[in-house]
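Start counting the sequence shown at 13; every next residue gets the next number (my numbering).
Heads up, the beta-carbon is just placed ideally off N, CA and C, and yes, glycines get one too.
In what follows, a structure is listed as structure tokens, so that the remarks can point back to it.
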Amino acid sequence: MALSPEESFKRVISHAKEYGFVFQSSEIYDGLSAVYDYGQNGVLLKNNIKSFWWKSMVQLNENVVGLDSAIFMHPTVWKASGHVDAFNDPLIDNKDSKKRYRADVLLEDHAEKLRQKANKEVEKAAQRFGDSFDADLFRSTNPRVAGYLAKADEIMARFVAAMEEEDLEAVRQIILDENITCPVSGSANWTEVRQFNLMFATKMGSVAEGASDLYLRPETAQGIFVNFLNVFKTGRMKVPFGIAQIGKAFRNEIVARQFIFRMREFEQMEMQFFVKPGTEMEWYAHWKEARMRWHMALGFDARHYRFHDHDKLAHYANAAADIEFQFPFGFKEIEGIHSRTDFDLRRHEEFSGKKQQVFDPETQENYTPYVVETSIGLDRMFLSLLSLSIEEETLEDGSQRTVLRLPHALAPTQAAILPLMKKDGLPEFARSLHTDLKFDFQVAYDEKDAIGKRYRRHDAIGTPLCITVDHQSLEDGTVTLRDRDTMEQKRVHRDEVFDIVRTTASLEVLLKKI
Ligand code: GAP
13 MALSPEESFK RVISHAKEYG FVFQSSEIYD GLSAVYDYGQ NGVLLKNNIK
63 SFWWKSMVQL NENVVGLDSA IFMHPTVWKA SGHVDAFNDP LIDNKDSKKR
113 YRADVLLEDH AEKLRQKANK EVEKAAQRFG DSFDADLFRS TNPRVAGYLA
163 KADEIMARFV AAMEEEDLEA VRQIILDENI TCPVSGSANW TEVRQFNLMF
213 ATKMGSVAEG ASDLYLRPET AQGIFVNFLN VFKTGRMKVP FGIAQIGKAF
263 RNEIVARQFI FRMREFEQME MQFFVKPGTE MEWYAHWKEA RMRWHMALGF
313 DARHYRFHDH DKLAHYANAA ADIEFQFPFG FKEIEGIHSR TDFDLRRHEE
363 FSGKKQQVFD PETQENYTPY VVETSIGLDR MFLSLLSLSI EEETLEDGSQ
413 RTVLRLPHAL APTQAAILPL MKKDGLPEFA RSLHTDLKFD FQVAYDEKDA
463 IGKRYRRHDA IGTPLCITVD HQSLEDGTVT LRDRDTMEQK RVHRDEVFDI
513 VRTTASLEVL LKKI
């Protein structure tokens, strides 16, 4: 029976904990809200996602280089970037439940519910009318469906207008007009909407020495901007070129929920692509498409992903889109692609007093490059993979297995070597096969429990290949290769194993699909 979205999300969370992917931080002290640790399998999956992203950026693009900038930055960086003044979320409290919500999220969720109602009507009509059904025509002409969709658009348009005017009372009014209620108390007894800054502050140096206030970076991008000229000069770069970085970011999310979707400490994979002004829209289109191709290379159904072009642009952007993923709790942003103009470089020029320009040999003039940014949350990517991959399967004999159908190259372990018994020389053979593979792949050696139990264990953590060593292996050098997804088994010679793992489970396979 199909699980409800809530049930399938709960299953993702419990699977993540049970199989060593994600633990609550400081769990023995009852945890720290919205902070998580990655366990023995989680860290491997996370590192594989990082490698896939990093290689797709830095290794596959001649004109993209990497960077690893510090988390601590000069405090003026955050004034220049606008984060001190404008990095705020509009928050509203329900007076009955005392729960706090992001006003924009309440409105977006409400609009999404209306869109879902419209979709349900379309699905019902499709069943009624069969093959001759024209969904687009129905959407635009059926009064009920058109009404839901128009209402959703109207709510978001009112919200955008209110935020542009910085009119928080108007934001509250939309919530009241739409009779949006608190999911906990069920009441519409709301406080006013207030803005909260999301940056964590800390101090550097002792108080006696005159400590200075620092922030933990809320995005990795600023480390790229302030190093733009360093990389440009020392890397002998030519515009257009990009700088990619993976690293931690910190936001004091007031409404932190949905497991690792919205965390206070998280990781971003960001790339700033510096271009000549006037060419930014071409590059924006290029990176939008390139990033979607990266997601598609993972082989999941395209219907789980969609673009959401922004109506409300940040003050620094002249185009922006999100790639949204269908999480168990609905379509949500996983990645942002923004055309950020020359806002950041100009602001750093202004605040530092140092020119942030390059020389154009064609026009013989200096100019400030424009920037197209791609920014993806590593933890959200991780969550998307887990939620797509977990499957409960009923086998022909009626038994159940849990299988994690991760893309092979991203699985924590690419192959498991399993001696059928712990005697008769089987462990020695298995260990030597393990040695053949371990310098190139993450391989597990597992001799505990019955073979069926070991297969189930590896299915549940997504190991694509199980290689079993038995007595026949000692006689003719062959082993049994079991495929995680089909559970098919075949005998191959041990000398073939390395190539089989390489051609089915190495990152190269994924990278070639981009
Ligand atoms: N430099 C641009 C930037 O930081 P953003 O949309 O605020 O843009 C980029 O963040 C990505 O970082 C998001 O698409 C999301 O995947 C991830 N992200 C943002 N806040 C997050 C949080 N609190 N927890 C987990 N991931 C987060």
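A261 sits close to E231, with the two beta carbons spaced by under 8 angstroms.
Within the same chain, F33, L398, I402, T414, L416 and A472 come within 8 angstroms of H27 by CB-CB distance, once the 5 residues on both sides are set aside. Assignment of H350 by DSSP, reduced to helix, strand and coil, places it in the strand class.
Using a cutoff of 7 angstroms, the CB of D49 does not count as near the ligand GAP, since none of the ligand's heavy atoms is closer than that. With at least 16 other beta carbons inside 10 angstroms of its own, D458 counts as buried. In this structure the stretch 77-89 does not touch the stretch 183-200; the number of beta carbon pairs closer than 8 angstroms is below three. DSSP, read as helix, strand or coil, puts M499 in coil. Under DSSP, K260 shares a beta bridge with E279. Under the DSSP definition of a beta bridge, M216 partners with S224. As DSSP reads the structure, S387 sits in a beta bridge with E282 and G348.
In this structure, the ligand GAP has no non-hydrogen atom nearer than 7 angstroms to the beta-carbon of I255. Beta-bridge annotation (DSSP): C478 is paired with A428 and R494. Taking 8 angstroms as the cut-off, the beta carbon of F337 is found no closer than this to the beta carbon of S387. For A92, there is no enclosing beta strand (DSSP E); the enclosing alpha helix (DSSP H) has its first and last residue at P87 to A92. Contact annotation, I266 with F212: C-beta distance approximately 12 angstroms; criterion of less than 8 angstroms not satisfied. Not a single heavy atom of the ligand GAP lies less than 7 angstroms from the C-beta of I61. Boundaries of the alpha helix (DSSP H) around Q139: A115 to F141.
Here V196 is near S109, since their CB atoms are less than 8 angstroms apart. Runs of the beta strand (DSSP E) lying entirely within the stretch 397-477 and spanning at least 3 residues, in chain order: 402-406, 412-416, 427-431 and 455-457.
With a cut-off of 8 angstroms on Cβ pairs, the stretch 158-168 is in contact with the stretch 110-128, counting three or more such pairs.
Here N378 is exposed, its C-beta having fewer than 16 other C-beta atoms within 10 Å.
Residue range P17 to E30 is occupied by the alpha helix (DSSP H) that includes H27. DSSP, reduced to helix, strand and coil, places L79 within a strand of the structure shown.
Annotated three-state conformation of D101 is strand, per DSSP. A check of alpha carbon separations from K250 across E374, A174, G217 and T193 identifies E374 as the nearest.
Here the alpha carbons of T516 and R468 stand approximately 20 angstroms from one another. Nearest C-alpha to D116 among G348, E408, S224 and V205: V205. The residue from K524, S518 and N330 with its alpha-carbon nearest to that of N60 is S518. For D391, the CB falls within less than 7 angstroms of some heavy atom of the ligand GAP. Within 7 angstroms of the C-beta of Q280 there is at least one heavy atom belonging to the ligand GAP. Cβ neighbours of Q501 within its own chain (closer than 6 angstroms, five residues either side excluded): T492 and R494.
Counted as a single uninterrupted DSSP element, the stretch harbouring N73 is not any beta strand (DSSP E), since DSSP gives it neither H nor E. Inclusion of M304 and I335 in the CB contact set at 8 angstroms is warranted, their separation being smaller than that value. Judged by DSSP secondary structure, R318 falls within the beta strand (DSSP E) whose first and last residues are Y317 to D321. The distance from the Cβ of I346 to that of G389 is about 7 angstroms, consistent with a contact at the 8 angstroms cut-off. The shortest CA-to-CA distance from G247 to any of L79, K67 and F99 is the one to L79.
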